[in-house]
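Below you'll find the structure, written out as structure tokens, and then a few comments.
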Amino acid sequence: MSSRPPPADSHEQILAVVRRIPYGRVASYGQVADRAGLPRRARLVGHVLRCAPAASALPWHRVVNAQGRISLAPGSDAYREQRERLEGEGVVFIRGRIDLARYGWQTSLDPLLWAEP
DNA sequence: GCCCTGACGTGAA
DNA sequence: ATTCACGCCAGGG
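Position one of the first sequence corresponds to residue 217 (our numbering), numbered consecutively onward.
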């Protein structure tokens, strides 16, 4: 058996994880890779997303880098589209950054976990 | 085949 | 906060 999943499977795994990111939340490339069973393959996630058609139903915009910043050239069309999609879901940008403690997927400050009665 | 680049991450200085 | 180095590896030239 292979110690590593074949490329095709890796792509499917990554896409599957991205599809699971909830509305209004964001996940980092590393987090997606991790949950896809591909630790330290953050760059592969970026590559897969780049190859993925923008017209697909994939919520690619919910994937940002570990600093809560959009990893696309600031000012580019792609950058604007990702930011607009996220803001449309209620995600707030502060000086170009997203507070991962609040909008990150499955973080300790998840409002659902700390919700008061 | 080799070399460089890149939608990244982490840790150290 | 910023810079540097290293790990990882698919594609393109």
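All C-beta atoms in this analysis are idealised placements derived from N, C-alpha and C, irrespective of residue type, glycine included.
*asked:* Going by DSSP in three states, A331 sits in which element: helix, strand or coil?
replied: Here the model assigns A331 a pLDDT of 39, short of 50, so the residue's position is not dependable and the matter cannot be decided.
*Starting from the C-beta of A362, find all residues in its chain whose C-beta is less than 7 Å away, skip the five residues before and the five after it, and write them out in chain order.*
The requested residue 362 does not occur in the structure, where the chain is confined to residues 217 to 333.
_Straight-line gap, E228 to V261 (C-alpha atoms, nearest Å)_ = 11 Å
*Tell me whether G306 sits in a helix, a strand or coil according to DSSP, three-state version.*
coil
_Where G253 sits in the DSSP three-state scheme_ = coil
*Excluding the 5 residues preceding and the 5 following V242 in the sequence, name in chain order all residues of the same chain whose CB lies nearer than 8 Å to its CB.*
R278, V279, V280, G284, L302, V307, I314, L316, Y319, G320 and W321
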